[in-house]
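The sequence shown lines up with residues 12 to 274 when you count with my numbering.
I have placed the structure first, in the form of structure tokens, so that the comments after it can refer back to it.
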Amino acid sequence: MKGAPVDLGTGDFAAERVRATTPKPSTPEAVAEVFAGILEQFPDSRGPVGVTVPGVVRHGVVHSAANIDKSWLGTDADALFTKATGRDVHVVNDADAAGLAEVRYGAARGRDGLVIVTTLGTGIGSALVYDGVLVPNSELGHLEIDGHGAEKRAANSARESEDLSWAKWAQRLTTYYRTLEMLFSHRPLRRGRRDQQEVRRVPAADRHRHRDRPGDTAQQGRDRRGRALRDPLTGTRLKTRLRTRRAPSASSSRRGSAWAAPA
């Protein structure tokens, strides 16, 4: 655990960080007690307090605990830390806080479109920022890639526990980031284009050959449930039958991926 006052004009620390050992077990009450002690090390700091937690946080309440004590689930962390410190405290996801900092002070400042910020520690945290607005609690570290949870293979904790070389760790991170690039297009969508699938018209004479094929529509202008097909970009009803072919997955295009678990 660590803490420091921040100069909101520059985004830099206004004093050296103070570190404290995370209590075991790291229950909410135990952590709040240690945090109050850290805050006391900065008597000149009187402003509001921000706390970050590695989990889903909605309105100050913790809703996931993948890398923290399970007793945090359902905890009103805003109220907990406010009571422990006697200060106005607001709690958010740790990676979301990093994303907001990048928007105000760093690489995402003044940038349009999608920016993805990731943090590498015990797990992999993520923040999605679109046109400067945070999309909270994205949790992209829990993506499953080649049968493994992403952060179990590519977080800094995995590098340490498996004693990976920097090159081996970089291979795993490359697999992870290529997957993100596949899932999120950084180009703006334009009318009449598809980013993640190829769409082509099937001649009427060939339609019977494709009927009931997995992944294809069942009948002209309608899906298998009889619902009218519509263009996903314009909302216009489609009168010509479409056959879709999915883009290849990241795993199918990489034989011998560094992501695979060792034999």
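The beta carbon of each residue, even a glycine, is placed where N, CA and C say it ideally should be.
Alpha-carbon to alpha-carbon, residue j and residue i
i, j, result
"V10", "I156", "Since the first residue shown for the chain is 12 and the last is 274, residue 10 is missing from the structure and cannot be characterised."
"R183", "A43", "35 Å"
"S149", "P16", "27 Å"
"E113", "Y141", "12 Å"
"A109", "V68", "14 Å"
"R170", "S82", "27 Å"
"I127", "D55", "35 Å"
"T63", "G124", "25 Å"
"S37", "R122", "38 Å"
"D99", "G158", "43 Å"
"P180", "Q52", "The displayed chain sequence assigns Trp, not Pro, to residue 180. Cα to Cα, W180 sits roughly 37 Å from Q52."
"G85", "N78", "15 Å"
"R202", "S196", "Here the model assigns R202 a pLDDT of 36, short of 50, so the residue's position is not dependable and the matter cannot be decided."
"G66", "A76", "6 Å"
"I135", "A106", "9 Å"
"S172", "A165", "11 Å"
"N104", "D23", "20 Å"
"K94", "L50", "13 Å"
"H70", "M12", "22 Å"
"L154", "A90", "31 Å"
"D87", "V72", "4 Å"
"R115", "G143", "9 Å"
"S176", "T96", "42 Å"
"P34", "A41", "6 Å"
Residues bridged to residue i [DSSP beta-bridge criterion]
i, result
"T130", "G136"
"Y141", "L125 and V144"
"E155", "G160"
"V17", "F24"
Residue i burial status per 10 Å Cβ neighbour count (16 or more: buried)
i, result
"Y188", "exposed"
"L278", "Residue 278 lies beyond the residue range present for the chain, which begins at 12 and ends at 274; the question has no answer from this structure."
"F46", "buried"
"T21", "exposed"
"P39", "buried"
"L145", "buried"
"E192", "exposed"
"S137", "buried"
"T190", "buried"
"E162", "buried"
"T32", "exposed"
"L19", "exposed"
"L194", "exposed"
"G58", "exposed"
"A118", "exposed"
Start-to-end residues for the beta strand (DSSP E) that takes in residue i
i, result
"L145", "V144 to V146"
Unbroken alpha helix (DSSP H) run spanning residue i, endpoints
i, result
"S168", "N167 to S172"
"E192", "W177 to L194"
Could you name each continuous beta strand (DSSP E) segment of 3 residues or more that falls completely within the stretch 79-112, going from the start of the chain to the end?
100-104
Could you tell me which whole beta strand (DSSP E) segments of length 3 or greater appear in the stretch 19-90?
60-64
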